[in-house]
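First the structure, in the form of structure tokens, and then the observations on it.
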Amino acid sequence: MEFITNDNPWINGYPIHESYSLLDLKAFHLVSILNASMVSNNIEDLNTFLIKEYEMSEVSRILLEIAVQIRSQIDQDSPIFEGRKYNPNSITGKLTINPQSNLCKTKDLSFREACNKIIHAKHINFDLSNAISIKEYDSINPIIYLYGDLNGNEWKSQLDILKFISILICIKN
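Mapped onto the numbering used here, the consecutive letters of the sequence shown carry residue numbers 241 to 413.
Shown next, in the form of structure tokens:
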């Protein structure tokens, strides 16, 4: 069914949303990449020449841009988050300190700390469906694994990207 837009005074015949924020747009791009992964990877020409070349790097780039931008806002505006459904302390995944050690500790990963881990990660792994290699998989899943170290302690974060984006949309307004 065709949706008629030319009678809508907000879009004047073409559905462009001019009042979005840059964070909204980045969140939309990130969710779009994740949701399109399975369909796009099933189209051989897209898969071979486009998807496998850009999918993971774009997810990484967008996450880093979001984390840097919202992290500074969190520190400036921390009192405004009280009483919201989500806030910078909302859980986005798990953080393990010294993951290769018998002394490893796992705790919840807050949104704010997830931003830090994204910014300071030295390595990122993706959760891939039916992966044979880094270039042969069915789709990218909305979970990433970030690795780094802090004060001589290695860490590993498991981040739910869709939860991260849900929290972002709630707290940025």
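Every residue gets a Cβ at the ideal spot worked out from N, C-alpha and C, and that includes glycine.
Alpha-carbon to alpha-carbon, residue j and residue i
i	j	result
M278	Q309	29 Å
L270	I302	7 Å
L390	S312	20 Å
S280	D378	9 Å
Q340	K347	15 Å
N227	N287	No information on residue 227 is available, as it lies outside the stretch 241 to 413 that the chain covers here.
Local conformation of residue i per DSSP, three classes
i	result
S406	helix
D315	helix
N342	coil
K375	coil
K362	coil
Beta-carbon gap between residue i and residue j smaller than 8 Å
i	j	result
I364	I384	yes
I359	L402	no
Boundaries of the alpha helix (DSSP H) in which residue i is found, first to last residue
i	result
D264	L262 to N281
Short CB-CB distance (under 8 Å) between residue i and chain C
i	result
R301	No chain C appears in the structure shown, which is made up of a single protein chain.
beta-carbon residue i near the ligand GTP non-hydrogen atom, thresh 7 Å
i	result
I401	Looking for the ligand GTP in the displayed structure turns up nothing, as the structure carries no ligands at all.
Where the beta strand (DSSP E) containing residue i begins and where it ends
i	result
N370	That residue, N370, is in no beta strand (DSSP E); it is neither H nor E in DSSP.
_contact_flag[the region 349-357, the region 365-376] where n(CB pairs < 8 Å) is 3 or more_ = no
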